[in-house]
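Using our numbering, you'd call the opening residue of the sequence shown number 16 and step up by one each time. Report on the following structure.
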Amino acid sequence: MRKRAKFLLCFIVSAMLVLVLGIQVLIPKEINLMVGKQESLSFNLPLKANIGDEEKIVVSGIDTEPVTENIEIDLNQDTILTPIKAGETKAEISAFGIPIKTVSVNIMPNKKLIPSGKIVGIVMKTEGVLVLGTGSVKGSDGSTAKPSDGVLRTGDIIISCNSSSIVEKEDLQKAIDDAGGNEIDLTIKRDNKESNVNITPVKNENNEYKIGVWIRDSTQGLGTVTFIDKDNKTYAALGHGVYDVDTKSLTPVSEGTLTNAEIFGIQKGEAGVPGEVTGRLSKGSRLGSVDNNTDCGINGSLNGFGEEELAGEAYEIGLMQDVHEGNAVILSDVLGDGVKEYSVSIESINKLGLSADKGMVVKVTDQRLLEKTGGIIQGMSGSPIIQDNKIIGAVTHVFVKDPTKGYGIFIENMIQ
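Encoded structure:
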């Protein structure tokens with residue numbers, strides 16, 4: 016009997032652990048709410064939540080005053096939360112009395128945004144110069160040397176040389192020339208940590224001093240503005256980060272420019288071959304700055320001209336919990352005749368936040384777009400998605416095997 020009871024106890028404990036682990040996966044790592052907007056919170060699971068923060072949330076049916084201390088909520092039934100102040104708090108989730116997950120609760124200001132859909136030019140200069148790789152230098156005496164081998168590596172950012180700031184490639188070459196073949200001291204950033212390294216330049220067969228390194232100081236291309244926040248005179252675009260094709264890392268930005276773009280044509284997408292917008296940047300037509308490059312896209316400030324160029328009707332924000340499968344539209348000027356609405360369908364929704372820029376699957380259903388582009392093509396990243404007269408997100412990636420489909424990001428991820 017003892018063995019049987021022990022086995023049964025072990026089985027129950029194991030089953031509970033498996034259940035708890037399974038529940039952890041089903042709970043998102045963060046919940047976004049909006050000031051003044053009631054939300055019904057329920058996971059239909061045997062869970063409890065403790066939300067504790069002063070003067071931020073009213074929990075209907077439990078208290079008519081703002082929460083001032085930890086209060087337990089049953090997540091197996093609907094609970095109405097009404098945020099009353101923007102900010103952040105935490106929700107401690109437990110099952111069977113066991114703490115299983117801490118969820119971030121982000122309370123956003125209640126505002127409207129202007130969806131755009133305009134394809135623009137994007138120029139980003141890196142912080143310092145980005146190391147793409149190291150190589151060899153053929154010396155003036157015919158020998159071969161690798162002065163940077165084992166010292167610099169792909170992804171390093173060179174910030175200064177002999178105490179002189181490095182902003183462009185030309186800055187680094189000048190500092191090397193000024194050293195006249197003597198050892199140089201480089202300040203680099205690697206994995207967000209600064210350090211100093213020393214390299215002795217080699218005079219090549221053209222009597223130029225080189226350190227045998229491939230570098231880049233800027234990135235440019237086309238993308239789509241998702242929305243404008245008129246109150247702050249800011250914008251957000253792309254819906255995904257800009258990654259360096261060589262280092263595969265998020266491109267660091269020291270400064271950048273948003274410009275108008277001239278579209279030349281469209282390469283239609285086909286299964287296995289992504290399409291793209293072809294065009295050029297109108298660098299003389301500056302719309303604003305590029306201040307940040309994040310996993311959820313780029314953002315920055317608009318100048319007066321940019322505000323006029325991107326002006327439009329403001330829409331309410333639709334949070335993740337407002338998004339549903341079914342009909343929606345995207346806005347884009349990809350066909351070159353101004354920003355238009357094109358019909359799409361939200362096919363599936365991922366609320367677990369495993370990848371911020373892949374929160375939903377979007378299928379293009381508009382025949383005009385399918386005939387001209389084949390669906391989603393490069394350059395359309397950032398096209399805003401409108402559903403139920405609310406801006407809910409943006410197109411981010413195309414399915415290479417099926418260009419009629421792609422991923423989308425929830426709008427709250429781009430706002431943050």
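Cβ atoms here follow ideal geometry from the backbone N, Cα and C, with glycine treated the same way. None of the values given here were measured: they were computed from a predicted structure.
Taking all protein chains shown into account, do 16 or more other C-beta atoms lie within 10 angstroms of the C-beta of residue i, making it buried, or fewer, making it exposed?
i: T411; result: buried
i: D246; result: exposed
i: F279; result: exposed
i: P399; result: buried
i: E427; result: buried
i: K133; result: buried
i: V120; result: buried
i: P114; result: exposed
i: S155; result: exposed
Kindly indicate the opening and closing residues of the alpha helix (DSSP H) around residue i.
i: A190; result: K184 to A194
i: E427; result: I426 to I430
i: E322; result: G319 to E324
i: R383; result: Q382 to T388
Rounded to whole angstroms, what is the Cα-Cα separation between residue i and residue j?
i: D364; j: E340; result: Going by the sequence as given, residue 364 is Ile instead of Asp. The straight-line gap from Cα to Cα measures roughly 7 angstroms.
i: I174; j: V228; result: 15 angstroms
i: L7; j: T169; result: Since the displayed the chain opens at 16 and closes at 431, residue 7 lies outside it and no answer follows.
i: M429; j: I361; result: 18 angstroms
i: V377; j: L147; result: 35 angstroms
i: A194; j: E270; result: 28 angstroms
i: K263; j: G394; result: 19 angstroms
i: V292; j: V359; result: 19 angstroms
i: G37; j: I108; result: Low local confidence applies: a pLDDT of 49 at G37 is under 50, so the model's placement there is unreliable, with the coordinate-based value given in what follows. Their backbone Cα atoms lie some 14 angstroms apart in a straight line.
i: L265; j: D206; result: 12 angstroms
i: E202; j: T149; result: It should be pointed out that residue 202 corresponds to Thr in this sequence rather than to Glu. Approximately 17 angstroms between the Cα atoms of the pair.
i: R295; j: F320; result: 19 angstroms
i: G284; j: Y422; result: 16 angstroms
i: K225; j: S158; result: 14 angstroms
i: I406; j: F425; result: 9 angstroms
i: G236; j: L350; result: 18 angstroms
i: I122; j: I99; result: 9 angstroms
i: P216; j: P162; result: 7 angstroms
i: V138; j: T234; result: 6 angstroms
i: C176; j: K52; result: 53 angstroms
i: F414; j: G397; result: 15 angstroms
May I ask whether a heavy atom of the ligand NAD can be found less than 7 angstroms away from the beta carbon of residue i?
i: P399; result: Absence of the ligand NAD is noted for the structure shown, with no ligands found whatsoever.
I'd like the span of the beta strand (DSSP E) that includes residue i, first residue to last.
i: G315; result: G312 to S316
i: T249; result: T249 to A252
i: G271; result: E270 to Q282
i: H412; result: K405 to F414
i: Q235; result: V228 to D244
i: M49; result: E45 to M49
i: T309; result: N307 to T309
i: G299; result: E291 to S304
i: L346; result: G341 to S347
How many whole angstroms separate the CB atoms of residue i and residue j, which I take to be in contact at a CB cut-off of 8 angstroms?
i: N275; j: S304; result: Actually they do not touch by this definition, with Cβ atoms about 14 angstroms apart.
i: I199; j: V144; result: In fact, because the Cβ distance is near 14 angstroms, the residues do not count as touching under 8 angstroms.
i: Y357; j: V338; result: With 8 angstroms as the limit, Y357 and V338 do not qualify as a contact, their Cβ atoms being about 18 angstroms apart.
i: G333; j: D259; result: Contact doesn't hold; Cβ gap of about 33 angstroms is too wide.
State yes or no: is the beta carbon of residue i nearer than 8 angstroms to at least one beta carbon in chain D?
i: F320; result: Chain labels in this structure do not include chain D; a single protein chain is all it has.
Any beta strand (DSSP E) of 3 or more consecutive residues that is wholly inside the segment 108–154: 113–123, 127–130 and 134–149
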